[in-house]
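Taking the numbering used here, the leading residue of the sequence shown gets 211, the next gets one more, and so forth. All C-beta atoms, glycine included, are put in the ideal place defined by N, C-alpha and C. Treat the numbers as computed from the prediction; the structure is a model and nothing was measured.
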Amino acid sequence: MPLPEGALSFAKLEALGNDFVAVEAANAAGLDLFALARAVCDRRRGVGADGLLAIDRAQRPARVEVYNADGSVGGFSGNGARCAALLLAQEREEEQSLAFVMGGAPVEARLAETSQDGRAARVALTLPPARFGPEAVGARRTLLDEQGWEGQLWRAPGLGPCALVDVGNPHLVRVLQAPPDEAQLERFRCDLAPALAAHRAFPASVNVQLAWPAGAAGVWGLAPWERGVGPTPACGSGAMALAAALRRVGLAHGPVEVRMPGGALVVDAAEEAITLTGRAQLRFTGLWPCA
211 MPLPEGALSF AKLEALGNDF VAVEAANAAG LDLFALARAV CDRRRGVGAD GLLAIDRAQR
271 PARVEVYNAD GSVGGFSGNG ARCAALLLAQ EREEEQSLAF VMGGAPVEAR LAETSQDGRA
331 ARVALTLPPA RFGPEAVGAR RTLLDEQGWE GQLWRAPGLG PCALVDVGNP HLVRVLQAPP
391 DEAQLERFRC DLAPALAAHR AFPASVNVQL AWPAGAAGVW GLAPWERGVG PTPACGSGAM
451 ALAAALRRVG LAHGPVEVRM PGGALVVDAA EEAITLTGRA QLRFTGLWPC A
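Have a look at this one:
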């Protein structure tokens, strides 16, 4: 069946409730992808999503670019990468490893427990190790305290020392000693996280993650706040940043389970690489009118 003139085919996917609209870069050639991201991600007038994935299969390896819901460049997305891997794997007859590049970061993916229709799978990603510090996240060091980044920026009530971590995109991670109550979470989502993301120390903004121990050893809770989006049910790269920060300070020595509102991920932030494992699902496909 031929496509209606001016229509762009898309796929809607989600990983732990973090949802994406994916398009083929070849089909979207000539389109303003920044404007397209804003339009399709609009939850009232568009498809509705946290981000847009533009997949270029013509490249070897394939390349995936991420655009946030506000039209800004997303860089890397852990949940988006699992969604992209699910789509890329559909052209293969057997479950096997595949490689692609997302936001400049090389990604290796392996699918398991794939559903019979190929629309859902457990996806394990292997990525480069994390980088730490102001320079890694593009922060203006002159605006930060040289010792642990504990300047005036971090001394707001309820927010203490933070780790600055890059895992393909920049994160500010704060680890609490105990689980927050609902009032603290609401203040984080509505006040602290947006203020930190907009702080002049971060010219390109930053993702903000609030974490806490969640009972059993090796299990952590995480409240994600993503730049260009806001609060999300889950953040794969945020889980990676948390695991890397925990390992760096000796609070983790192997894989950790990161529990978020949308579900849980398993992350192992070793010195040589980070692995991220969780499910991804194709929800539906459709056509977007571009004319």
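Assigned exposure category for residue i - 16 Cβ within 10 Å defines buried
i      : result
Phe398 : buried
Ala221 : buried
Arg253 : exposed
Ser307 : exposed
Val274 : buried
Glu301 : exposed
Arg493 : exposed
Val233 : buried
Val459 : exposed
Asp171 : Because the chain in this structure spans residues 211 to 501, residue 171 falls outside the shown range and cannot be described.
Ala426 : exposed
Arg365 : With a pLDDT of only 48 at Arg365, under the threshold of 50, the placement of this residue in the model should not be trusted; the figure read from the coordinates follows. Per the 10 Å Cβ criterion, exposed.
Gly216 : exposed
Cys400 : exposed
Val377 : buried
Val429 : exposed
Gly314 : exposed
Leu363 : Low per-residue confidence applies at Leu363: pLDDT is 44, beneath 50, and the placement is therefore not dependable, though the value from the model is reported in the following sentence. With 16 or more other Cβ atoms within 10 Å, it is buried.
Residue i versus residue j - alpha carbon distance
i      : j      : result
Pro443 : Asp229 : 9 Å
Val283 : Val276 : 6 Å
Ala411 : Leu374 : 12 Å
Cys372 : Ala408 : 16 Å
Trp435 : Arg489 : 20 Å
Gly446 : Cys500 : 30 Å
Trp498 : Pro344 : 40 Å
Ala403 : Ala454 : 20 Å
Asp478 : Leu262 : 27 Å
Gly496 : Thr352 : 48 Å
Ala239 : Ala245 : 13 Å
Ala340 : Ala225 : 22 Å
Pro271 : Gln394 : 44 Å
Ala264 : Arg457 : 33 Å
Ala474 : Ala405 : 27 Å
Leu432 : Gly448 : 8 Å
Ala331 : Arg320 : 10 Å
Gly368 : Ala388 : A caution first: Gly368 carries a pLDDT of 47, below 50, which makes its placement in the model too unreliable to give a value.
Ala295 : Pro413 : 31 Å
Glu467 : Glu482 : 19 Å
Beta-ladder partner(s) of residue i, from DSSP
i      : result
Asp229 : Glu224
Val257 : According to DSSP, Val257 bridges with nothing at all.
Asp252 : For Asp252, which the question treats as bridged, DSSP gives no partner whatsoever.
Val283 : Tyr277
Arg489 : Arg332
Met450 : In the DSSP output, where bridge partners are listed per residue, Met450 has none listed.
Val442 : Note that residue 442 is Thr in the sequence shown, not Val. According to DSSP, which records beta bridges pairwise, Thr442 is partnered with nothing at all.
Val385 : Ala421
Rounded distance between the beta-carbons of residue j and residue i, thought under 8 Å
i      : j      : result
Asn289 : Ala247 : Contact flag wrong, Cβ pair sits at about 16 Å.
Ala201 : Gln419 : This structure cannot speak to residue 201, because the chain is shown only from 211 to 501.
Pro380 : Val347 : 3 Å
Leu461 : Val416 : That pair is no contact at about 21 Å.
Phe286 : Leu298 : About 16 Å; that fails the 8 Å criterion.
Asp280 : Gly464 : Not confirmed; about 37 Å, so no contact.
Which ranges does the beta strand (DSSP E) cover as unbroken runs of at least 3 residues, wholly within the stretch 410-436, from first to last along the chain?
-> 417-423 and 429-436
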